[in-house]
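Colleague: To convert, take the position in the sequence shown, counting from 1, and add 223; that gives the numbering used here.
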Amino acid sequence: MIIKASQRSGGTQLGLHLLKTENEQVEIHEVSGFVSETVMGAMKEAQAMAMGTRCKQYLFSVSLNPPETEAVRVEVFEGAIAKIEERLGLEGQPRMVVFHEKEGRRHAHVVWSRIDAETMTAKQLSFYKSKLQEVSRELFLDNGWKMPRGLMANGERDPRNFTLAEWQQAKRAGLNSQDLKGMVQDCWAVSDNRESFARALEERGLYLAKGDRRGYVAVTYEGEVFALSRLIDKKAKDVTAKLGKPDDLLSVEATKARIANEIAPRVSSYIREAKQNAHAVMKPLKAQATAMAERHRAERDKQEEGQKQRWQAETRERADRLRKGFMGLWDRLTGDYQKTQKSNEVEAFLALQRDREQRQVLIAAQMAERQRLQQQIEQARERHAQQIFALHRQAASYRQMAESQRTQQQAGSERGNVRSEFSRQSSGRGESERGKDQPRGRTSPDRGPDLGR
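#1: With a floor of 4 residues, list each alpha helix (DSSP H) that falls wholly inside the region 484–565, ordered by position along the chain.
#2: How is Asn-567 classed by DSSP in three states: helix, strand or coil?
#3: In this structure, what does DSSP give as the bridge partners for Ile-251?
#4: Mind checking whether Leu-287 and His-330 have CB atoms under 8 angstroms apart?
#5: Once the 5 residues before and after Pro-317 are set aside, which same chain residues still bring their CB inside 6 angstroms of it?
#6: Taking the DSSP output, what are the residues bridged to Ala-441?
#7: Would you kindly check if the distance between the Cβ of Gly-275 and the Cβ of Gln-594 is under 8 angstroms?
#8: Less than 8 angstroms between the CB atoms is what I'm expecting for Gln-280 and Arg-310, so what's the real figure, rounded?
#9: If I'm right that Met-266 touches Thr-244 with Cβ under 8 angstroms, what's the distance once you round it to whole angstroms?
#10: So what does DSSP say about Asn-366, is it helix, strand or coil?
#11: Would you list, in sequence order, the uninterrupted alpha helix (DSSP H) runs of no fewer than 4 residues that lie entirely inside the region 288–368?
#12: When you compare the region 341–349 with the region 594–613, are there three or more beta-carbon pairs, one atom per stretch, that lie closer than 8 angstroms?
#13: Less than 8 angstroms separating the beta-carbons of Glu-260 and Val-320?
#14: May I ask you to report which of helix, strand or coil DSSP gives Leu-424?
#15: Taking the alpha carbon of Val-741 as the reference point, which residue from Ala-603, Ile-307, His-519, Ala-477 has its own alpha carbon closest?
#16: Going straight from the alpha carbon of Lys-433 to that of Ala-228, what length do you get?
#17: Is the number of C-beta pairs between the region 294–301 and the region 581–593 that are closer than 8 angstroms three or more?
#18: Are there three or more Cβ pairs, one per stretch, closer than 8 angstroms when the region 516–536 is compared with the region 575–587?
#19: Going by beta-carbon coordinates alone, are Tyr-439 and Val-462 separated by less than 8 angstroms?
#20: Would you list the one or two residues that DSSP bridges to Arg-231?
#21: Under a three-way DSSP split, which group does Ser-414 fall into?
#22: Could you tell me which residues DSSP puts in a beta bridge with Ser-474?
#23: Return the residue from the list Lys-562, Arg-577, Ile-482 that minimises the CA-CA distance to Gln-526.
#24: Measure from the alpha carbon of Leu-282 to the alpha carbon of each residue in Glu-268, Pro-290, Pro-289, then state which is nearest.
#25: Relative to the C-alpha of Val-299, which candidate in His-502, Leu-362, Ala-512, Gln-561 has its C-alpha closest?
#26: Measuring straight from C-alpha to C-alpha, what distance separates Leu-431 and Ala-477?
In structure tokens, the structure reads:
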């Protein structure tokens, strides 16, 4: 599974993120090592503990993301967490484990407090990124999952991966983050200069501009600005080597004004109509997803309540097997008490495993159902994206045709002006030459005064 991690502060913000209701399912799997049993309470404890030290980034947050199509058992997540603790020296540290489900994908968040309560110092996490990458490789091999190229070779990581800030930008612009990066990288691959690259971008609803601090940027039709070097996963000097300096490009504000004045009037109504059609198609699918999430939550709550009642009944039954009073003392002397106690422990363990298995079967069935619905949603999004792409391509073609016509008209006007000037100058020279060749007679104005000869 893909593991992403960071040292950070801001426990309150992180706790709110872990409990965010935009996820279809939120399951608090474990809160251990804290006095509080809630996520927000544990976050406050971690912050209070850090105030007794000089540590600023007192939390270590890790996300565990298995392959989307795999139904991963809880035991696999717990094994991954144990490996991470062993490699980074976090054994025994207070932690929180929360599962999230959204759009048919299940992943886990683990947050440790870095503060050692005995020494009041922060756990040193040297080279944690490379260590977590090793753990990630091992998990893919151990579970027989297809390993991403980026884990097999560092230089072949998926270039379409977004940071959180970039993903939020893409979300605001109504774009799929990986599709956006892949689209820009395709434009970069098929272009050999700045003009062809800008034309390819414009056909996809993106506009090349000069950023305030980041050199080249791409501006979306909605006005979101992305650093080009981040989109194509290249260094700024490589971008400049291919495209040249962006000094003569329009600024971001000028590009937005151009979109508003030239591009938007031609395509805004069509794009608005396409978005309305997409919204009409997506509305019942989203309603179905919401209803499904509520139904799944109710099914899990019902199962959890049933398992809880059964566990309590079985616990009472096991306790009744241990006799009390004089007979209980006799059982201890004969060893029957210890045998019954051992049998109860084995039975309790098997009951716990049974409940976990039932829980896993329910989650796997629900995930499969949600993934089938998500396929329909993705297909609808793809159709919508293709419609928008076609509209932007047509708008770019119309603008290029208009610019070509203006260029031809200007060239024709210049040629006409040259011809007119040439004709005027030629006419002037002709009249001058005819005046010179005219014979001098009595009526000639050039003849001297008549002396009455």
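Note that CB positions come from ideal geometry on N, CA and C, so glycine has one too.
Modeller: This is what the structure gives:
#1: 487–543, 548–557
#2: As a first step, residue 567 must be located in the sequence shown, where it is residue number 344. Looking at Asn-567 - three-state DSSP - the assignment turns out to be helix.
#3: The count along the sequence shown starts at 1 and reaches residue 251 at position 28. Beta-bridge pairing links Ile-251 to Val-321.
#4: Working through the sequence shown from its first residue, we reach residue 287 at position 64. Working through the sequence shown from its first residue, we reach residue 330 at position 107. In contact: Leu-287 and His-330 (Cβ atoms closer than 8 angstroms).
#5: Here residue 317 is taken as the residue at index 94 of the sequence shown, counted from 1. So the qualifying residues of the chain are Gly-256, Phe-257, Ser-336.
#6: Sequence index remark: in the sequence shown, residue 441 carries index 218 (1-based). In DSSP, Ala-441 forms a bridge with Leu-431, Phe-449.
#7: If you number the sequence shown from 1, residue 594 lands on position 371. If you number the sequence shown from 1, residue 275 lands on position 52. No. Outside cutoff.
#8: Within the sequence shown, the letter at position 57 stands for residue 280. Within the sequence shown, the letter at position 87 stands for residue 310. Not a contact, Cβ separation roughly 19 angstroms.
#9: Locating residue 266 in the sequence shown gives position 43, where the first residue counts as 1. Locating residue 244 in the sequence shown gives position 21, where the first residue counts as 1. The Cβ separation is near 17 angstroms, so there is no contact.
#10: Start at 1 with the first residue of the sequence shown, and residue 366 comes out as number 143. Helix at Asn-366.
#11: 297–311, 351–366
#12: no
#13: Within the sequence shown, numbered from 1, the residue matching residue 260 stands at position 37. Within the sequence shown, numbered from 1, the residue matching residue 320 stands at position 97. Result no, Cβ atoms of Glu-260 and Val-320 do not sit closer than 8 angstroms.
#14: Here residue 424 corresponds to residue number 201 of the sequence shown, with the count starting at 1. Leu-424: helix per DSSP, three-state reduction.
#15: With the chain covering only 224 through 676, there is no way to say anything about residue 741.
#16: One-based indexing of the sequence shown puts residue 433 at position 210. One-based indexing of the sequence shown puts residue 228 at position 5. Those two C-alpha atoms are separated by around 33 angstroms.
#17: yes
#18: yes
#19: Within the sequence shown, the letter at position 216 stands for residue 439. Within the sequence shown, the letter at position 239 stands for residue 462. Contact: yes.
#20: As a first step, residue 231 must be located in the sequence shown, where it is residue number 8. In the DSSP output, where bridge partners are listed per residue, Arg-231 has Leu-282.
#21: Residue 414 sits at position 191 when you count from the first residue of the sequence shown. Note: Ser-414 maps to coil in three-state DSSP.
#22: Walking along the sequence shown from the start, residue 474 turns up at place 251. Answer is Lys-433.
#23: Here residue 526 refers to the residue found at position 303 when the sequence shown is read from its first residue. It is Arg-577 whose Cα lies nearest to the Cα of Gln-526.
#24: Sequence index remark: in the sequence shown, residue 282 carries index 59 (1-based). When only C-alpha atoms are compared, the closest one is Glu-268.
#25: Looking up residue 299 in the sequence shown gives position 76. Closest by alpha carbon: Leu-362.
#26: For this step, residue 431 is matched to residue 208 along the sequence shown. For this step, residue 477 is matched to residue 254 along the sequence shown. Between Leu-431 and Ala-477, the C-alpha separation is close to 11 angstroms.
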